[in-house]
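Undergrad: Respectively, the protein sequence lines represent chains V and G. When the count follows my numbering, it moves up by one through the first sequence with no breaks and lands on 329 for the last residue. When the count follows my numbering, it moves up by one through the second sequence with no breaks and lands on 658 for the last residue. Using N, Cα and C, we set each Cβ at its ideal position, and we do this for glycine too. Below you'll find the structure I mean.
Number of protein chains: 2
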Amino acid sequence: MRATIREVARDAGVSPSTVSRALSMPDLVNPVTRERVLRAAQRLGYEPNRAARGLITGRTGNVGLIVPDLANPFFPSLVKGVQAKAREADYAVLLADTDEDPAAERDLLRVLAKQVDGLILCSPRGREEDIRALAATTTLVMVNRRVGKLPSVVFDNADGMRQAVAHLQALGHRRVGWVGGPRSSWSNRDRVRALQTATAAAGMELLVAGNFPPQFEGGIAAADLVIASGVTSVIAYNDLMALGLLDRLRNRGMDVPRDISVIGIDDIQMSAMSSPTLTTVSLTKEQAGRAAVDLLLALLEQPDGVRNVRRELPTQLLVRGSTGVARTD
Amino acid sequence: MRATIREVARDAGVSPSTVSRALSMPDLVNPVTRERVLRAAQRLGYEPNRAARGLITGRTGNVGLIVPDLANPFFPSLVKGVQAKAREADYAVLLADTDEDPAAERDLLRVLAKQVDGLILCSPRGREEDIRALAATTTLVMVNRRVGKLPSVVFDNADGMRQAVAHLQALGHRRVGWVGGPRSSWSNRDRVRALQTATAAAGMELLVAGNFPPQFEGGIAAADLVIASGVTSVIAYNDLMALGLLDRLRNRGMDVPRDISVIGIDDIQMSAMSSPTLTTVSLTKEQAGRAAVDLLLALLEQPDGVRNVRRELPTQLLVRGSTGVARTD
DNA sequence: CGGAAGTCTGAAACCGATTGCAGAACTCTG
DNA sequence: CAGAGTTCTGCAATCGGTTTCAGACTTCCG
Numbered sequence: 001m002r003a004t005i006r007e008v009a010r011d012a013g014v015s016p017s018t019v020s021r022a023l024s025m026p027d028l029v030n031p032v033t034r035e036r037v038l039r040a041a042q043r044l045g046y047e048p049n050r051a052a053r054g055l056i057t058g059r060t061g062n063v064g065l066i067v068p069d070l071a072n073p074f075f076p077s078l079v080k081g082v083q084a085k086a087r088e089a090d091y092a093v094l095l096a097d098t099d100e101d102p103a104a105e106r107d108l109l110r111v112l113a114k115q116v117d118g119l120i121l122c123s124p125r126g127r128e129e130d131i132r133a134l135a136a137t138t139t140l141v142m143v144n145r146r147v148g149k150l151p152s153v154v155f156d157n158a159d160g161m162r163q164a165v166a167h168l169q170a171l172g173h174r175r176v177g178w179v180g181g182p183r184s185s186w187s188n189r190d191r192v193r194a195l196q197t198a199t200a201a202a203g204m205e206l207l208v209a210g211n212f213p214p215q216f217e218g219g220i221a222a223a224d225l226v227i228a229s230g231v232t233s234v235i236a237y238n239d240l241m242a243l244g245l246l247d248r249l250r251n252r253g254m255d256v257p258r259d260i261s262v263i264g265i266d267d268i269q270m271s272a273m274s275s276p277t278l279t280t281v282s283l284t285k286e287q288a289g290r291a292a293v294d295l296l297l298a299l300l301e302q303p304d305g306v307r308n309v310r311r312e313l314p315t316q317l318l319v320r321g322s323t324g325v326a327r328t329d
Numbered sequence: 330m331r332a333t334i335r336e337v338a339r340d341a342g343v344s345p346s347t348v349s350r351a352l353s354m355p356d357l358v359n360p361v362t363r364e365r366v367l368r369a370a371q372r373l374g375y376e377p378n379r380a381a382r383g384l385i386t387g388r389t390g391n392v393g394l395i396v397p398d399l400a401n402p403f404f405p406s407l408v409k410g411v412q413a414k415a416r417e418a419d420y421a422v423l424l425a426d427t428d429e430d431p432a433a434e435r436d437l438l439r440v441l442a443k444q445v446d447g448l449i450l451c452s453p454r455g456r457e458e459d460i461r462a463l464a465a466t467t468t469l470v471m472v473n474r475r476v477g478k479l480p481s482v483v484f485d486n487a488d489g490m491r492q493a494v495a496h497l498q499a500l501g502h503r504r505v506g507w508v509g510g511p512r513s514s515w516s517n518r519d520r521v522r523a524l525q526t527a528t529a530a531a532g533m534e535l536l537v538a539g540n541f542p543p544q545f546e547g548g549i550a551a552a553d554l555v556i557a558s559g560v561t562s563v564i565a566y567n568d569l570m571a572l573g574l575l576d577r578l579r580n581r582g583m584d585v586p587r588d589i590s591v592i593g594i595d596d597i598q599m600s601a602m603s604s605p606t607l608t609t610v611s612l613t614k615e616q617a618g619r620a621a622v623d624l625l626l627a628l629l630e631q632p633d634g635v636r637n638v639r640r641e642l643p644t645q646l647l648v649r650g651s652t653g654v655a656r657t658d
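Given below as structure tokens:
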């Protein structure tokens, strides 16, 4: 059995209230009493019961994290970041995976919302009004998506796309293809838009191949369209798709990067292991997790006092083996 | 503000005790009263406060899950399984990632153990006595490791290795290399042992290349040893290493599977995306997660009444592109 | 019809912390 | 030295449920 505050109090010869104060508002108690209490607590291995504390303070000490699919390599990194930062602040992380299922997501949210002080939500495709409704009742931070002025952490896709386009332009490419992810995904829309702007500014031609599932298979499916479109370079919605492209392009007898250059987005582990290795717009996923927790905790501290609730993380083009000079024939 | 049990009681015209009973021990209350209570609860959107309940019952409704490194693709699948099964039983999952750091692990365990009813622990390399000590104070289930008679979920490595060896033998291989993972890892030891037995039984020669970090880089590092050893086939501790092997072998000018056959273990997503695709001993990782939760909840229900606390999950060789007939020159 | 057994319900204690309030002890100040 | 002001501590209420216990009311049976 774990020690209770009463036992510590008895052991230290004070009242429970004093123990409570000595531990959570140390400057309210006399230094020598405090010392005595702390020693007693130490000796008994006392740790406050979270349920009891939560009951009166109304806080759980937990944050919830909801991701659409852990099997997508983007998310484990995010989770790691959230996890690490949360622990530093002595919060525990309740993790839930919705399996890309909106109904499951709604359920999860209902259940989870009661067990946590705040939520970090990755819901690229959930309905906006659902999210707004949720935000009205819970403190939440969105990741990889913006909904109005709600707190969020996103990546600077615009700059990422600019870098990618500049890189291709420098290599002599004039026509670039886009292999899109889910039409309904916020970041997909954000990236297309950014890419349109960037290519237009660079005087390059953009050919959109359409929308595909954001997986390896999606890239495979898109490859033939890309070849047919005659572009010399292509940017994919994410690395997984870019890797699928690579695979199918090779099977079609094309040489990357001699015949065609390929750029992904995310910088997942795998992109450094493919051959050729994948040039990609690197996202600091773990940073995003940490930033989300940061923001969430700040909001919990002072619901209105946070200046900047919409954070944008930098992106960085990572040039590897899948991009090269455009063929000139 | 959420409704409390008292408000429901008032609304239904009964006492709080009756509400409590109507919800958690329905057959103790008169059907018509029960109906009235349930309707009131429904109307007010009542959901019991977990902290309050936990305070008196001593249960949190949480299970803890500790993994060494989410970035290793083995674990997200496991987490998914744990997650899904836990939710079915109305438990929440507290996730922690130790970053392969034993000190962090100890800390985490201390903190987490108090917030959960039971723990699922993947600690391939933690000290046995630490684990035993923990098991004495907490209900826990180990995954991918056996420690004495403690509850655990592991894979049938012996059979997996038998299948792999039989496959290679059928392809005419006589000499097989082993690229080991961390020496201190339980499953590494289990697999080597199984492989020794299997190759001996098949009359094949086994060459152990040593121990390497269980990552892509480990496989790269091992490749040259493998080539020098002159084996025609090689089995790696896990897929990530096998993929590293593939990469380096290719760079050394070897053709897989013509010059050498490669087999991994795990069946991670990536192994279907490499070229050649990777033949591997497939582990049902999500199943393992579910099984661990199953076992844990059973133990929580009736600490002594569980017949079989050491579960072993089947393994299945998945033949893909990286294995072929042995060269005969 | 009386009493035993059974069925429901409510009052109250309790889980383990936090916190408002009040009083004790001490320090200052004029 | 009286009185005001500080500083520190303890009492008791409280959070929102669960559970023990006892009592009210039925039902059943001899």
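1) Check Glu-641 of chain G in the structure and name its three-state DSSP category.
2) Please list the terminal residues of the continuous alpha helix (DSSP H) segment that includes Ala-617 of chain G.
3) Can you find a CB in chain V that lies within less than 9 Å of the CB of Val-422 of chain G?
4) Would a check of beta-carbon distances place Asn-378 of chain G closer than 9 Å to chain V?
5) Quick one: complete beta strand (DSSP E) runs, 3+ long, within the segment 447-524 of chain G?
6) Please look up how many angstroms separate the CB atoms of Gly-181 of chain V and Gly-219 of chain V, rounded, as I've assumed it's under 8 Å.
7) Confirm, please, whether the CB-CB distance from Ile-235 of chain V to Ile-260 of chain V is below 9 Å.
8) Nearest-angstrom Cα distance between Arg-474 of chain G and Val-482 of chain G?
9) Taking 8 Å as the cut-off, does the segment 55-62 of chain V touch the segment 4-24 of chain V (at least 3 CB pairs, one atom from each stretch)?
10) Got a sec, what are the start and stop residues for the alpha helix (DSSP H) Ala-550 of chain G sits in?
11) Do Pro-26 of chain V and Arg-39 of chain V have their C-beta atoms within less than 9 Å of each other?
12) Quick check on DSSP: helix, strand or coil for Asp-279 of chain V?
13) Does the distance from the C-beta atom of Leu-469 of chain G to that of Gly-447 of chain G stay below 9 Å?
14) Let me know the secondary structure DSSP gives Gly-387 of chain G once reduced to three states.
15) Do the segment 484-502 of chain G and the segment 429-441 of chain G make contact, defined as three or more Cβ pairs closer than 8 Å?
16) Tell me the DSSP secondary structure of Leu-646 of chain G in three-state form.
17) List the endpoints of the continuous alpha helix (DSSP H) containing Asp-436 of chain G.
18) Taking 9 Å as the threshold (C-beta atoms), are Leu-607 of chain G and Arg-663 of chain G in contact?
19) What does the alpha-carbon distance come out to for the pair Pro-257 of chain V and Ser-562 of chain G?
20) Sort V:Arg-110, V:Met-270, V:Asp-247 and V:Glu-301 by Cα distance to Pro-605 of chain G and report the nearest one.
21) Can you tell me the Cα-Cα spacing of Thr-609 of chain G and Ser-600 of chain G, whole angstroms?
22) In angstroms, rounded to a whole number, what distance separates the CA positions of Val-196 of chain V and Gly-148 of chain V?
23) Please identify, using Cβ separations under 8 Å, the residues of the segment 232-252 of chain V that lie next to chain G, in order along the chain.
24) Keeping to the same chain, check which residues put their C-beta closer than 6 Å to that of Val-622 of chain G; ignore five residues upstream and five downstream.
25) In angstroms, rounded to a whole number, what distance separates the CA positions of Pro-213 of chain V and Met-583 of chain G?
26) Please determine, among G:Arg-331, G:Val-361, G:Ala-370 and G:Val-358, the residue with the shortest C-alpha to C-alpha distance to Arg-339 of chain G.
27) When the cut-off is 9 Å and only beta carbons count, does Ala-413 of chain G lie next to chain V?
28) Which partner residues does Gly-653 of chain G have in the DSSP bridge list?
29) Kindly list, in the order they appear in chain G, the residues whose Cβ is closer than 7 Å to that of Gln-115 of chain V.
30) Under 9 Å, Cβ to Cβ, is there at least one residue of chain G near Arg-87 of chain V?
31) Could you name the residues that DSSP lists as bridge partners for Ile-592 of chain G?
32) Ile-5 of chain V by DSSP, collapsed to three states: which one?
33) Contact criterion: CB-CB distance below 9 Å. Does Met-273 of chain V meet it with respect to chain G?
34) Anything in the segment 471-497 of chain G with a Cβ closer than 8 Å to a Cβ of chain V? List those residues in chain order, please.
35) Would you mind sorting Glu-457 of chain G into buried or exposed? The rule is 16 or more other CB atoms within 10 Å of its CB.
36) Pick out the complete alpha helix (DSSP H) segments inside the segment 341-365 of chain G, 4 residues or longer, and give them in chain order.
TA: So, from the data block:
1) strand
2) Taken as a continuous stretch (DSSP letters only), the alpha helix (DSSP H) holding Ala-617 of chain G covers 614-630.
3) yes
4) Taking 9 Å as the threshold, the shortest C-beta distance from Asn-378 of chain G to chain V falls below it.
5) 447-450, 468-472, 481-484 and 504-509
6) Contact flag wrong, Cβ pair sits at about 10 Å.
7) no
8) Computed Cα separation, rounded: 7 Å.
9) With the cut-off at 8 Å, the segment 4-24 of chain V and the segment 55-62 of chain V do not touch.
10) Ala-550 of chain G: member of the alpha helix (DSSP H) spanning 545-558, first to last residue.
11) no
12) A small correction: the amino acid at residue 279 of chain V is Thr; Asp does not occupy that position in the sequence shown. In this structure, Thr-279 of chain V counts as strand in the three-state DSSP scheme.
13) yes
14) coil
15) no
16) strand
17) 431-442
18) The question about residue 663 of chain G has no answer, for chain G in this structure spans 330 to 658.
19) 32 Å
20) V:Asp-247
21) Linking Thr-609 of chain G to Ser-600 of chain G through their CA atoms gives a straight-line distance of about 8 Å.
22) For the record, residue 196 of chain V in the displayed sequence is Gln; it is not Val. Cα-Cα distance, rounded: 22 Å.
23) Leu-243, Gly-244, Asp-247 and Arg-250
24) Val-411, Lys-414 and Ala-415
25) About 34 Å.
26) G:Ala-370
27) yes
28) DSSP lists no partner for Gly-653 of chain G.
29) Neighbours of Gln-115 of chain V on chain G, chain order: Arg-379 and Ala-421.
30) Interface flag for Arg-87 of chain V against chain G is set, since a Cβ pair is found closer than 9 Å.
31) G:Ile-564 and G:Thr-608
32) helix
33) yes
34) none
35) exposed
36) 345-353
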